[in-house]
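First the structure, in the form of structure tokens, and then the observations on it.
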Amino acid sequence: MSTVYTLSEATLAAIRRDLTRQLRISAAVALGIGLAIFGVMSILGMLTLPLRLLALAIYAAFMVIAGWYFHKVQRERWQLYRITLDEDTITREEGGRNTLIVHRDDITAIYEIPEGGILIRTDRRRKTIYVSNDLDDLPAIRERLAAWRDFDPLPR
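Take the sequence shown: its letters are residues -7 to 148, numbered as in this note's numbering.
As structure tokens, then:
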């Protein structure tokens, strides 16, 4: 029996709001830095006015495209975030990342994170799954994982 857990719509909306806020702050900082650099260059007489405007336009366009792309990738990553529990495996799917499948026998530790969520570790460093506390029905996930093995105390 396979069960798929996803992020709730409220959580996705909060993530979208946070990403938009981060994008706006980053854009404002990047624009400020760009204006400062071009201001210094113009004071030093390094650029004529048309070249300054062209360079500023290219810089602004680059920053807008880079910011938009980052925002888009992060939104897709969280919208496609899924944890699937089968009888003997747990699978993490995340937009833009490789699907990670951990077999029950490969699990070396399961930690309950005090800030929320569950961390599932294996003997391979890159084969670790974080189960977000924002997933629908986290108590059901916790219960099924506890049936696999006892939760371990967090290392200090």
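Every residue, glycine too, gets a C-beta built ideally from N, C-alpha and C.
Alpha-carbon to alpha-carbon, residue 24 and residue 144: By one-based count along the sequence shown, residue 144 stands at place 152. By one-based count along the sequence shown, residue 24 stands at place 32. In a straight line, the C-alpha of residue 144 is about 48 angstroms away from that of residue 24.
Presumed contact (8 angstroms Cβ cut-off) between residue 137 and residue 93, rounded CB distance: For the purposes of this step, residue 137 is taken as the residue at position 145 of the sequence shown. For the purposes of this step, residue 93 is taken as the residue at position 101 of the sequence shown. With a Cβ gap of about 15 angstroms, residue 137 and residue 93 do not count as contacting.
Assigned exposure category for residue 16 - 16 Cβ within 10 Å defines buried: By one-based count along the sequence shown, residue 16 stands at place 24. Classification for residue 16: exposed.
Whole-angstrom distance between residue 54 and residue 43, CA atom to CA atom: Counting from 1 along the sequence shown, the entry for residue 43 is found at position 51. Counting from 1 along the sequence shown, the entry for residue 54 is found at position 62. In a straight line, the C-alpha of residue 43 is about 16 angstroms away from that of residue 54.
Beta-carbon proximity list for residue 117, same chain, < 7 angstroms, skipping 5 on both sides: As a working note, residue 117 is residue 125 in the sequence shown. Nothing meets the Cβ criterion.
Residue burial classification, residue 57 (beta-carbon count within 10 angstroms, cutoff 16): If you number the sequence shown from 1, residue 57 lands on position 65. Answer is exposed; the Cβ neighbour count stays below 16.
Best match in 20, -7, 115 and 119 for proximity to residue 89 [C-alpha to C-alpha]: As a first step, residue 89 is located in the sequence shown; it is residue number 97 there, counting from the start. It is 119 whose Cα lies nearest to the Cα of residue 89.
CB contact below 8 angstroms: residue 146 versus chain B: Of the protein chains in this structure there is only one, and it is not chain B.
Residues that residue 122 bridges to, as DSSP identifies them: As a working mapping, residue 122 is identified with position 130 in the sequence shown. 111, per the DSSP bridge assignment.
Nearest to residue 107 (by Cα), restricted to the options 97, 33, 6 and 124: Translated into positions along the sequence shown, residue 107 becomes position 115. Comparing Cα-Cα distances from residue 107 to each of 97, 33, 6 and 124, the minimum goes to 124.
Closest residue to residue 142 among 21, 61, 113 and 34 (Cα-Cα distance): Mapped onto the sequence shown, residue 142 falls at position 150. With distances taken between Cα atoms, residue 142 lies closest to 113.
Residue 76 versus residue 20 - alpha carbon distance: If you number the sequence shown from 1, residue 76 lands on position 84. If you number the sequence shown from 1, residue 20 lands on position 28. The straight-line gap from Cα to Cα measures roughly 39 angstroms.
Opening and closing residue of the beta strand (DSSP E) in which residue 127 lies: Numbered from its first residue, the sequence shown carries residue 127 at position 135. No beta strand (DSSP E) contains residue 127, which DSSP labels as neither H nor E.
Where residue -3 falls: helix, strand or coil (DSSP): On the sequence shown, position 5 is the one that residue -3 refers to. Strand at residue -3.
Of the listed residues 140, 28, 4 and 12, nearest to residue 100 (C-alpha basis): In the sequence shown, the residue the question calls residue 100 occupies position 108. Residue 100 has its Cα closest to that of 140, out of 140, 28, 4 and 12.
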